[in-house]
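So the sequence lines, in the order shown, correspond to chains A and B.
The first sequence maps to residues 1 to 475 in full-length UniProt numbering.
The second sequence maps to residues 1 to 288 in full-length UniProt numbering.
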Amino acid sequence: MNQLTPKERMKIPRHSMIEQDPAERSRNFSEVNLGYTPELAIEEAQRCLQCPKPTCVAGCPVNIQIKDFITLIAEGDFIGAVKKIKEDNALPAICGRVCPQEEQCEEACVVGKRGEPVAIGYLERFVADYERESGKIDVPEVKVSNGKKVAIVGSGPAGLSCAKDLREKGYEVTVFEALHELGGVLVYGIPEFRLPKEIVRTEIDGLKRMGVKFETDAIIGRVFTVDELMEEEGYDAVFLGVGAGLPWFLGIEGENLNGVYSANEFLTRVNLMKAYQFPEYDSPILDCHNKNVAVFGGGNTAMDAVRTSLRLGAKNAYIVYRRSEKEMPARVEEIKHAKEEGVQFMLLTNPVRLIGDDEGWLKGMELIKMELGEPDESGRRRPIPIEGSNFTVDIDVAVIAIGNGPNPLVTQTTPEIETSRRGTIVVDPETMKTSKKGVFAGGDIVTGGATVILAMGAGRKAAAAIDHYLQNGAW
Amino acid sequence: MFKIIEARFLAENIKLFEIEAPRIAKKRKAGQFVIVRIHEHGERIPLTIADSDVEKGTITIIVQGVGKTTRELNLKKKGDIILDVVGPLGQPSHIENFGTAVSIGGGVGTAIAYPTAVALKQAGNYVITINGARNKDLVILEEEMKAVSDEAYITTDDGSYGYHGFVTDKLQELIDQGKKIDFVLAIGPIPMMKAVADVTRPYGIKTVVSLNPIMVDGTGMCGGCRVLIDGKAQFACVDGPEFDAHKVDFKNLADRNKMYHKYEQEALKHFEEKCKLTEKINTLEQAE
Ligand SMILES: Cc1cc2nc3c(=O)[nH]c(=O)nc-3n(C[C@H](O)[C@H](O)[C@H](O)COP(=O)(O)OP(=O)(O)OC[C@H]3O[C@@H](n4cnc5c(N)ncnc54)[C@H](O)[C@@H]3O)c2cc1C
Ligand SMILES: Cc1cc2nc3c(=O)[nH]c(=O)nc-3n(C[C@H](O)[C@H](O)[C@H](O)COP(=O)(O)OP(=O)(O)OC[C@H]3O[C@@H](n4cnc5c(N)ncnc54)[C@H](O)[C@@H]3O)c2cc1C
Ligand code: SF4
Ligand code: FES
């Protein structure tokens with residue numbers, strides 16, 4: 001097969017993902033994407049041109065050795081391929097599912113210049129699944145303990161990848177997590193139909209087998225402060241990967257009505273508390289059967305919430321977004337899936353107020369049409385309300401998915417950690433050092449809401465810097 | 001995994017638990033709470049830390065069985081395990097020497113008012129407690145409250161014990177008698193807290209209430225516990241649970257607490273049916 005010429009390779013069409021039928025999947029919580037078969041994976045891998053200077057690698061935030069892992073897949077060495085990925089990315093089954101590949105590696109892929117890029121994300125997912133399903137997940141070797149202890153705060157992708165790297169280097173690592181389950185947004189935010197929780201659990205089991213310790217129900221800032229971790233509990237360094245878990249609201253009339261959720265609450269009730277299985281599980285969620293549900297926002301969170309509402313039985317599920325589809329921050333695949341499942345997009349539309357009845361229940365929303373003006377500081381064209389274009393729509397449930405800010409629990413109790421005006425933690429971008437000696441931070445708490453892969457990259461960078469700091473003591 | 005060291009009923013439906021949780025015991029301050037999840041399928045519910053013993057490494061919670069989760073919890077006995085207990089959560093009560101402080105507890109609210117009454121006493125206040133219940137059998141923590149009070153009153157709605165009337169009647173009486181009151185803490189059902197706020201408002205007496213909205217995480221992540229204070233949304237789990245009573249929108253809180261009413265009844269029914277089933281299985285086994 002290595003005999004294929006570039007021309008022949010270019011002729012192979014991109015293999016699409018095998019998916020659950022939209023009509024069916026929009027009513028169940030099983031995963032939408034079903035994955036490649038080994039044959040499809042090999043054929044897709046053969047589309048790669050083996051560029052001498054692989055631009056795809058530069059497009060990846062953590063520079064996965066994409067060209068090399070694809071070569072291994074083309075040769076049928078799937079386990080070799082997954083090992084190659086894991087040199088740079090601890091969570092390939094997760095990244096293969098949730099990374100915005102179309103604006104990272106795949107956007108930079110040479111094949112994409114003239115046709116469709118190599119499906120790097122699908123291939124990553126395939127080999128990770130292959131390894132997991134084979135039941136032979138390789139547990140990385142751990143160096144003998146060097147006697148130094150590191151506390152990781154938060155078990156999201158930033159914390160997990162930092163924990164893995166440090167453990168490999170022989171540190172005693174403990175991850176403290178506020179919730180009762182590990183994984184951060186991966187478990188409480190991203191729904192089962194996009195990222196099965198079993199996959200997150202398997203990855204975490206791998207870390208446990210490496211000897212990483214986990215403590216759930218442990219909120220740093222409450223049960224221990226950062227100072228207490230270092231001075232009383234004997235940790236030599238602390239990594240803060242606490243995410244951006246503070247929901248923003250719109251600040252419009254009617255937001256406290258019954259039936260109005262933040263996306264975090266809506267998704268947490270469903271994903272973490274399994275409210276869709278009420279009363280088998282004890283936490284309820286408002287019944288969406290035959291109801292009209294509106295979700296405000298245009299990111300991945302909004303898509304997750306609106307598609308979840310369909311699965312809870314919604315009759316009409318609307319996305320209300322103030323710009324046009326082009327500006328939507330959500331992954332292209334998620335927008336496509338949402339449309340196929342029947343989500344109705346109200347673009348260039350903004351909520352003005354939420355309307356309630358006398359008992360405090362939501363019954364409608366007032367919206368206004370928008371047009372796009374000049375680009376604003378985000379580089380996207382600024383939405384401007386069109387005066388007099390107001391209209392109302394009956395709704396029963398509203399979900400606000402306009403983003404999250406940093407949670408101040410840790411920084412409030414450790415004032416020496418410098419924060420920005422927005423409340424994010426300020427770090428040295430090379431070392432992830434905060435203004436407090438021995439304390440590092442990374443992920444959404446530093447960047448504000450971003451992506452899984454960036455959080456992981458930050459966790460790994462911090463691990464390298466923590467190792468450096470603890471080996472020679474210089475701050 | 002958190003072990004129950006001691007469990008006993010204080011009144012019908014109101015049970016006290018001492019739970020092994022050394023870290024929380026060490027850290028907690030008056031006014032703070034924990035979030036409890038009983039088992040894998042359980043919901044997360046907030047409960048105030050009524051007391052703690054640092055040496056034994058235990059915290060005390062007092063639970064009124066109102067719905068599925070609290071009734072299920074009240075079936076637990078000494079030696080049983082609670083899956084998750086997380087805390088201490090919320091802002092500690094703001095304690096200072098106000099002068100004369102009145103601590104008002106309604107029903108199980110007394111359990112929540114108790115630790116703050118203790119702290120008020122330690123801060124040098126002249127402490128008056130008004131402990132209200134529907135009837136004599138529902139009065140809890142009478143001795144404990146008395147022990148920290150300079151003046152202690154019990155009120156019952158039906159007059160079966162103590163003063164016949166509502167806690168607000170007693171409070172009004174104290175004010176009318178010309179007692180100089182500098183601070184009021186009121187914890188109990190929403191209508192009671194609202195009524196206390198209405199009594200103290202004309203006199204400008206600083207009044208604090210502890211709000212009980214529906215919570216999920218208790219860490220500021222879900223926003224479900226938002227309450228309107230002075231017209232602005234605040235998160236009770238991280239900004240509260242105590243707020244200035246004269247600024248609280250009680251109607252909004254009462255409306256929001258009804259959000260899952262229908263589901264709560266369904267859950268309770270489901271639970272009671274399951275209980276009956278277990279009972280049946282047990283009797284069958286015994287018959288065999
Ligand atoms: C619904 C949703 C969908 C998304 N979809 C995508 C997607 O498709 N692709 C993508 O790349 N990104 C997506 N994102 C963004 C991505 O999930 C985040 O950027 C990423 O999870 C950030 O990782 P993190 O490790 O910084 O924080 P988090 O994942 O937020 O984890 C932080 C953890 O720290 C815990 N914690 C917080 N405070 C404390 C404390 N004081 N003590 C102990 N523990 C604490 C929290 O409980 C949490 O578990 C999505 C986000 C959401 C909300
Ligand atoms: C900060 C705080 C401290 C509290 N301290 C105590 C205490 O010390 N002792 C005590 O007996 N009770 C306390 N409560 C109330 C207790 O949390 C609720 O009674 C309990 O959650 C009811 O759950 P359930 O399943 O038994 O009842 P349900 O049938 O589910 O609900 C009964 C009522 O409880 C309220 N409720 C339901 N779920 C929640 C939830 N997750 N969070 C908050 N309220 C809810 C609702 O108003 C509902 O109408 C406290 C509440 C808060 C917010
Ligand atoms: S840029 Fe595309 S074709 Fe080139 S090595 Fe990367 S994946 Fe292969
Ligand atoms: S309980 Fe979720 S923010 Fe307060």
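From the three backbone atoms N, C-alpha and C, an ideal C-beta is built for every residue, glycine too.
Whole-angstrom distance between residue j and residue i, CA atom to CA atom
i, j, result
"ILE73/A", "ALA45/A", "6 Å"
"GLU264/B", "ASP282/A", "9 Å"
"ILE18/A", "VAL127/A", "15 Å"
"PRO88/B", "CYS222/B", "18 Å"
"PRO329/A", "GLY299/A", "5 Å"
"ASP68/A", "GLY423/A", "40 Å"
"ALA7/B", "ALA133/B", "22 Å"
"CYS48/A", "ILE355/A", "54 Å"
"VAL397/A", "GLY405/A", "23 Å"
"ASP165/A", "GLN65/A", "18 Å"
"ILE49/B", "VAL34/B", "7 Å"
"LYS145/B", "VAL196/B", "Correcting the residue type first, residue 145/B is Met in the shown sequence and not Lys. Roughly 19 Å between the two C-alpha positions."
"ILE259/A", "LEU286/A", "Checking the displayed sequence, the identity of residue 259/A turns out to be Gly instead of Ile. Straight-line Cα distance between these residues: approximately 7 Å."
"ALA455/A", "ILE12/A", "34 Å"
"VAL427/A", "LEU228/B", "35 Å"
"HIS337/A", "GLN344/A", "12 Å"
"ASP129/A", "GLY31/B", "48 Å"
"GLU172/A", "LEU179/A", "22 Å"
Closest by C-alpha distance to residue i, when choosing among the options
i, options, result
"ILE120/A", "THR55/A, ALA178/A, ALA218/A", "THR55/A"
"PHE249/A", "VAL82/A, ILE402/A, GLY234/A, ALA158/A", "ILE402/A"
"residue 480/A", "PRO38/A, TRP475/A, GLY147/A, GLY115/A", "Given a span of 1 to 475 for chain A in the structure shown, any question on residue 480/A remains unanswerable."
"GLY96/A", "LEU123/A, LEU160/A, GLU102/A", "LEU123/A"
"THR419/A", "ILE400/A, ILE445/A, LYS369/A", "ILE445/A"
"ARG421/A", "THR411/A, PRO429/A, GLU430/A", "THR411/A"
"SER210/B", "VAL86/B, ARG28/B, LYS76/B, ASP239/B", "ASP239/B"
"ALA158/A", "VAL452/A, TRP475/A, ASP129/A, ILE466/A", "VAL452/A"
"PRO61/A", "THR434/A, ALA450/A, ALA81/A", "ALA450/A"
Minimum Cβ-Cβ distance from residue i to chain A less than 8 Å
i, result
"CYS275/B", "no"
"ARG71/B", "no"
"ASP255/B", "yes"
"THR200/B", "no"
"ARG8/B", "no"
"LYS27/B", "yes"
"MET259/B", "yes"
"LEU47/B", "no"
"ASP217/B", "yes"
"PRO88/B", "yes"
"LEU228/B", "yes"
Cβ of residue i within 8 Å of any chain B Cβ
i, result
"MET365/A", "no"
"THR174/A", "no"
"THR202/A", "no"
"PRO279/A", "yes"
"HIS289/A", "no"
"ASP417/A", "Rather than Asp, the amino acid found at residue 417/A in this sequence is Ile. Chain B contact via Cβ: absent."
"VAL223/A", "yes"
"ASP138/A", "no"
"ARG269/A", "yes"
"MET273/A", "yes"
Neighbour-count burial assignment, residue i, 16 or more Cβ in a 10 Å radius
i, result
"MET1/B", "exposed"
"THR69/B", "buried"
"GLU18/B", "buried"
"GLN104/A", "buried"
"CYS275/B", "exposed"
"MET1/A", "In this predicted model, MET1/A has a pLDDT of only 47, less than 50, meaning its place in the structure is not dependable; the value taken from the coordinates is given anyway. So MET1/A ends up on the exposed side."
"THR5/A", "exposed"
"ARG194/A", "buried"
"ASN271/A", "buried"
Original post:
What are the start and end residues of each continuous beta strand (DSSP E) run of 3 or more residues lying completely inside the stretch 384 to 458 of chain A, in chain order?
Top reply: 391 to 394, 397 to 400, 439 to 441
Original post:
What residue ranges within the stretch 195 to 224 of chain A form continuous beta strand (DSSP E) runs of no fewer than 3 residues, ordered along the chain?
Top reply: Runs of the beta strand (DSSP E) inside the stretch 195 to 224 of chain A: 213 to 215.
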